[in-house]
Each structure stands twice: as C-alpha cells, then as structure tokens.
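Count the sequence shown with our numbering and you get residues 5 to 125, in order. All C-beta atoms, glycine included, are put in the ideal place defined by N, C-alpha and C. Since the model is a prediction, treat every value here as computed from it, not as a measurement. This report refers to the structure that appears directly beneath it.
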Amino acid sequence: MEPWRELPTGATEDDEERAALLKRIRDRQAALSRARLRRVEEAYRAAVKTPEGRTLLAFLIQDVCRIYHHAGSGEAARQAEGRRAVGLEIRKTLMDLDPRLPATIEAEFALEPEAVEEGHG
5 MEPWRELPTG
15 ATEDDEERAA
25 LLKRIRDRQA
35 ALSRARLRRV
45 EEAYRAAVKT
55 PEGRTLLAFL
65 IQDVCRIYHH
75 AGSGEAARQA
85 EGRRAVGLEI
95 RKTLMDLDPR
105 LPATIEAEFA
115 LEPEAVEEGH
125 G
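Here is the structure:
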C-alpha cells in the first residue's frame, strides 16, 4: 500500500469506508428489525381476536417448537447453530409480544425451559 494512503490513526481510507459501510448496514438492519417487530405485534394483536387467528398462532407455536427440537437433533453443526439462532430470535419476539407465550409453548409441548433457551428440545 502506498504510504500516502495512510491516515494519521494508522487506518487507511478503505478501512474507514468499510467501517462506515458496516455501520450503515447494521443501523439499517436494526431499523428493519424494529419495523418487522411492529408488524408482527400488529398481526398478533389482530390474530388473537378471531378463532382463525388463534388457530394460526397455534400452528406458529408448533413451528417454533420444531425449530427448537431440530436445533439439537445432531444435524450438521452449522445448520443446528442457524436453527438455534432462529429459534432464540423467535422466542425473543414471542416474549416481546406476550411474556406468557414461551411458557405456554414449553408447557404445551412439555419442553424443558433450559433446553429451549439453549436451543435443544
């Protein structure tokens, strides 16, 4: 690298541009996550008002439980870790919507809370 590209801090302009781009990407992802959570909250509040909506929520809860179970089922480590992350993110979203939902899931499907937290069913 040419010495003239060196900045006083020791970082190059490319490094600073990369860092700025990563910050913009992280900020955008955080904004999208907040928007997604708002949409999920609105859908949840609308769904619990109808029998059909409650049925759909029951299917969602079953899917969440499948994710928890598959996260620890001995699949390839990369896939298991990805499922675990998804399961924990869904659990967090459910907690944000209604703190009782994860306990309901655990009770309904006889899951151990600690196992669910760790992504193993």
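Problem - Boundaries (first-last residue) of the alpha helix (DSSP H) holding V52 - result: Segment: none, V52 is in no alpha helix (DSSP H) and carries neither H nor E.
Practice task
Give me the Cα-Cα distance between A35 and P103, rounded to the nearest whole angstrom.
Solution key: 23 Å
Problem - Under the three-state DSSP convention, the category R40 falls into - result: helix
Handout entry: C-alpha gap between A23 and T16, whole angstroms
Key = 11 Å
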